[in-house]
């Protein structure tokens, strides 16, 4: 059992979200790494192996293709070079995080079946950089460049410029998911302070690609308190966060928040690899992160120290990759919009295909200065265009407008998504009341597809029942709702149309071999899937009459097929009846190691979801592939700059990546309904967590241990709930036999308050033991080194102090045996107290006069020790020490016991 070597405090809220607090920045980074390893051990180890070019060690043959690609792009070497070039503060910060991860993995984070056969390797200081690179090397436009190069080689339309042909599959095509972010100036909010809200869209993973976390540094010289979404395996809070600072001296209380979307910038070039190969596979990436030996680590760390919107903008000035649009606001009322990252100054007029030169750019684009936001700002991967004023924009409503000037200067890419930004602007303009955290749910949950009318227009002359239905659905708003059969018909028709067009003779050349390295096929296969690419470009292809495709005839033929019989997937989902969209459209998340059996798949029950790629409530799929949602909102947030306690957040599944944990998918229903949960920032409302591996942790009333004793019933151990359990405890303590417990004169509320105080201590926990559901024993367990008893005996590492009170004999009469309940409770107590791998010895200190308690303990296996005297909270105490080692307790005990959820005890 690895005990943390840096001092930090860990708390969790009722959703299991970690709140880490430490007195120095490196101790905090260590704590963040430690809890990340605990909650996301398999996920970050898989990402680490991808970064180190040894993913095949975990994923087998399926991982070999990735390793070949990672080696080709020198991911590990690039990460090491970036780390070596950092200044000392950033190096120390990364090293502390890596050390925390290593300790957290050894403390149970890697105790999963997938990692059982692999030896533990400590994380290196550069490993977090490698994890970030591995997660983002495909998160840019280079796969699309390879596709467009394939189109350029094979799809030739006489008399049509190549650039026009390429725009079929790129420019504002519409059927592509992305991210949403919006900021509202305080002039248009109920509180008078700004709001920042949004939701990033990525591939759905289980566990998710973002981790909710709070990081509080109490260093008086540079304190900060930031919560948001972290990348598992990377320190800090990079993309979406809110910091709050209390008033101190002459400095008023303050808060600042930020959120990003991808800028869709053309920032990674595909260039000749310098070999003699002239084939399609003779390329490599020109990646700013590698060329500069910089991925913006200093920006990651600087964001934690930001106090104002201008501080956030200054931090993002050093950002490298990916290129993002940033919205930031502070409690003083400032709201800023900016673009951050490194964009090569490419002179090519066709940034779509591999360039012949090995060095395609001299220098980088000078990005515009941050722009003040006076009403609202909306970023959703759209082509940046300065919006018309309210009287000319055609949007109904008197609400705020996005009036940022000079947006064209932020047009740095090739392919954008047109509909989501416009729909968010409509919703903000239509706002009936000033905005607040509560009103943002209507935006997060909006299902109107602004691209649907354009596609359905190709059915204008179709008189079939299906066409009539779709036209009526569009007239009603084209809402892609889970309970709508019409939305399902629309999506099934779109899928059939993508397949039909992909098979059209005009587009047949796209099925020619792509010529890429066959060993990279698993990495690049989806790039060259023709139905997917055609599905993404449906609107453009149908509008291109120069292709010679009869768009209306193809649309009607596809609808006839979709209407005649639901797809095979649809029939499998709902039988022979016509399905609703929600019956077809359920999340299909990716396992951390695709191809390996997933325990999570067996316990996760996906909820039906509304939306598609084009809606604000993005739950994207691949037209032409499957109706399930493989992309979507991987986080949602609302940052309230008036009061962080009013902020809200959520993720698709849960805070804990371990199947069986109560927090594995406890946020899924909320997410599926496009809702969020309130942020909890009051330390008194959080549950302290033991990080030494001695105490089992959990929320109030949560079951943390159980053992089945066959005919004698089931023993479970629960975290004590001071409020709910106060009546039971008060009834026990007021019995004459409870004299030695010393609480016989306490009222019910005083009992409650006493155990509420115990609950607030990370070093002391109280548990209620139940026998077939009936409360029978109160157990108090604690770290002796943090208790007055430490003055009376020689505390050893791994000692766990213990008090217990037998409140009831349990259901012994019902079972007919045993006569002595301790024949069941004794083994249960031993198994429970030693469930924490950090516990090496249990120490008791009953009152020296309480001979009955001492006999009971020696019967269980304790060895009676010396008589000691010390000052207890109730006054002077004379106690008889008693000791039970792990070896003594577990000798011959093969029944074991189960920590509920399979969680390491130091994590709950």
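Numbering (the working numbering), first residue to last: -1 to 906. The beta carbon of each residue, even a glycine, is placed where N, CA and C say it ideally should be. These numbers were taken from a predicted model, which means no experiment stands behind them.
Span separating the alpha-carbon of residue 677 from that of residue 223: Position 679 of the chain shown holds residue 677. Position 225 of the chain shown holds residue 223. Each residue's alpha carbon lies about 13 Å from the other.
Bridge-paired residues (DSSP) for residue 80: As a working mapping, residue 80 is identified with position 82 in the chain shown. DSSP lists no partner for residue 80.
The beta strand (DSSP E) enclosing residue 616, as first and last residue numbers: In the chain shown, counting from the first residue as 1, residue 616 sits at position 618. No beta strand (DSSP E) contains residue 616, which DSSP labels as neither H nor E.
Environment of residue 153 [buried if 16+ CB atoms lie within 10 Å]: As a working note, residue 153 is residue 155 in the chain shown. Result: buried.
Reference residue 785; option with closest CA among 798, 776 and 216: Taking the chain shown and counting its residues from 1, one reaches residue 785 at position 787. Nearest of 798, 776 and 216 to residue 785, Cα basis: 798.
Close beta carbons around residue 592, own chain, < 8 Å, minus the five adjacent residues each side: Counting from 1 along the chain shown, the entry for residue 592 is found at position 594. Taken in chain order, the residues that qualify are 57 and 60.
Where residue 734 sits in the DSSP three-state scheme: For the purposes of this step, residue 734 is taken as residue 736 along the chain shown, with counting starting at 1. DSSP places residue 734 in helix when its eight states are reduced to three.
Residue 725 versus residue 294 - alpha carbon distance: Against the chain shown, residue 725 aligns to sequence position 727. Against the chain shown, residue 294 aligns to sequence position 296. In a straight line, the C-alpha of residue 725 is about 56 Å away from that of residue 294.
Contact belief for residue 681 with residue 649 at Cβ below 8 Å, rounded distance in angstroms: Residue 681 sits at position 683 when you count from the first residue of the chain shown. Residue 649 sits at position 651 when you count from the first residue of the chain shown. The pair is not a contact, with the Cβ atoms about 22 Å apart (cut-off 8 Å).
Residue 618 vs residue 836 beta-carbon contact at 9 Å: Here residue 618 corresponds to residue number 620 of the chain shown, with the count starting at 1. Here residue 836 corresponds to residue number 838 of the chain shown, with the count starting at 1. Between residue 618 and residue 836, the C-beta spacing is not below 9 Å.
Segment limits, alpha helix (DSSP H) that includes residue 325: Taking the first residue of the chain shown as position 1, residue 325 is located at position 327. Residue 325 -> not in any alpha helix (DSSP H); beta strand (DSSP E) instead, spanning 322 to 328.
Cβ contact (3+ pairs, closer than 8 Å) linking the stretch 601 to 612 and the stretch 656 to 674: yes
Closest by C-alpha distance to residue 266, when choosing among 27, 344 and 872: Numbered from 1 along the chain shown, position 268 holds the residue referred to as residue 266. Ranking 27, 344 and 872 by Cα distance to residue 266 puts 344 first.
Cβ-based burial, residue 116 [other Cβ within 10 Å; buried from 16]: Residue mapping note: residue 116 aligns to position 118 of the chain shown, counting from 1. Classification of residue 116: exposed, given that the 10 Å Cβ count is below 16.
Where residue 924 falls: helix, strand or coil (DSSP): This structure cannot speak to residue 924, because the chain is shown only from -1 to 906.
Residue 753, DSSP secondary structure in three states: Taking the chain shown and counting its residues from 1, the one referred to as residue 753 is at position 755. In the structure shown, residue 753 sits in a helix (DSSP, three-state: H, G or I).
Residue 703 and residue 887 closer than 9 Å at C-beta: What you label residue 703 is simply residue 705 of the chain shown in a count that begins at 1. What you label residue 887 is simply residue 889 of the chain shown in a count that begins at 1. In this structure, residue 887 does not lie closer than 9 Å to residue 703 by Cβ.
Whole-Å CB distance - residue 481 paired with residue 580, under 8 Å assumed: The residue you call residue 481 lines up with position 483 of the chain shown. The residue you call residue 580 lines up with position 582 of the chain shown. Confirmed, about 6 Å.
Burial state of residue 340 (16 or more Cβ within 10 Å): As a working mapping, residue 340 is identified with position 342 in the chain shown. Under this definition residue 340 is a buried residue.
Closest Cα partner of residue 251 within the set 119, 545, 476 and 642: The residue given as residue 251 occupies position 253 in the chain shown. Selected option, being the one with the closest Cα: 642.
Span of the alpha helix (DSSP H), counted from its first residue to its last, around residue 235: By 1-based counting over the chain shown, the position of residue 235 is 237. That residue, residue 235, is in no alpha helix (DSSP H); it is neither H nor E in DSSP.
Runs of alpha helix (DSSP H) wholly within the stretch 418 to 469 (minimum 4 residues, chain order): 439 to 442 and 450 to 454
Where residue 9 falls, given that 16 or more other Cβ within 10 Å makes a residue buried: Numbered from its first residue, the chain shown carries residue 9 at position 11. Buried, because 16 or more other Cβ atoms sit within 10 Å of the Cβ of residue 9.
Assigned secondary structure, residue 576 (DSSP; H/G/I helix, E/B strand, else coil): As a working mapping, residue 576 is identified with position 578 in the chain shown. Residue 576: coil per DSSP, three-state reduction.
Presumed contact (8 Å Cβ cut-off) between residue 375 and residue 397, rounded CB distance: Mapped onto the chain shown, residue 375 falls at position 377. Mapped onto the chain shown, residue 397 falls at position 399. At roughly 14 Å, the Cβ-Cβ gap does not stay under 8 Å, so residue 375 and residue 397 are not in contact.
Where residue 314 sits in the DSSP three-state scheme: By 1-based counting over the chain shown, the position of residue 314 is 316. In the structure shown, residue 314 sits in a helix (DSSP, three-state: H, G or I).
Endpoints, beta strand (DSSP E) assigned at residue 631: Against the chain shown, residue 631 aligns to sequence position 633. That run of the beta strand (DSSP E) goes 629 to 631.
Straight-line Cα distance separating residue 221 from residue 125: Reading the chain shown from its first residue, position 127 is the one you call residue 125. Reading the chain shown from its first residue, position 223 is the one you call residue 221. Computed Cα separation, rounded: 26 Å.
First and last residue of the uninterrupted alpha helix (DSSP H) at residue 140: Residue mapping note: residue 140 aligns to position 142 of the chain shown, counting from 1. Here the alpha helix (DSSP H) through residue 140 covers 140 to 152.
Proximal residues to residue 790 (C-beta, below 8 Å), its chain only, five neighbours per side dropped: Within the chain shown, residue 790 is the residue found at index 792, counting from 1. Cβ within range, chain order: 843, 866, 867, 868, 877 and 879.
Chain-order list of residues whose beta-carbon lies under 7 Å from that of residue 928 (same chain, five-residue window excluded): Because the chain is modelled from -1 through 906, residue 928 falls outside the range shown and cannot be assessed.
N- and C-terminal bounds of the alpha helix (DSSP H) containing residue 875: Here residue 875 is taken as the residue at index 877 of the chain shown, counted from 1. First-last for residue 875: 873 to 883, but that is the beta strand (DSSP E), not the alpha helix (DSSP H).
Pair within 9 Å by beta-carbon distance, residue 583 and residue 523: The residue given as residue 583 occupies position 585 in the chain shown. The residue given as residue 523 occupies position 525 in the chain shown. No, Cβ-Cβ distance for residue 583 and residue 523 is not below 9 Å.
Range covered by the beta strand (DSSP E) that runs through residue 717: Mapped onto the chain shown, residue 717 falls at position 719. From DSSP, the beta strand (DSSP E) with residue 717 extends over 712 to 717.
9 Å Cβ cutoff met for residue 132 and residue 48: Residue 132 sits at position 134 when you count from the first residue of the chain shown. Residue 48 sits at position 50 when you count from the first residue of the chain shown. Yes; because the gap between Cβ atoms is below 9 Å, this pair is in contact.
For residue 870: DSSP bridge partner residues: The residue you call residue 870 lines up with position 872 of the chain shown. Its beta-bridge partners are 873.
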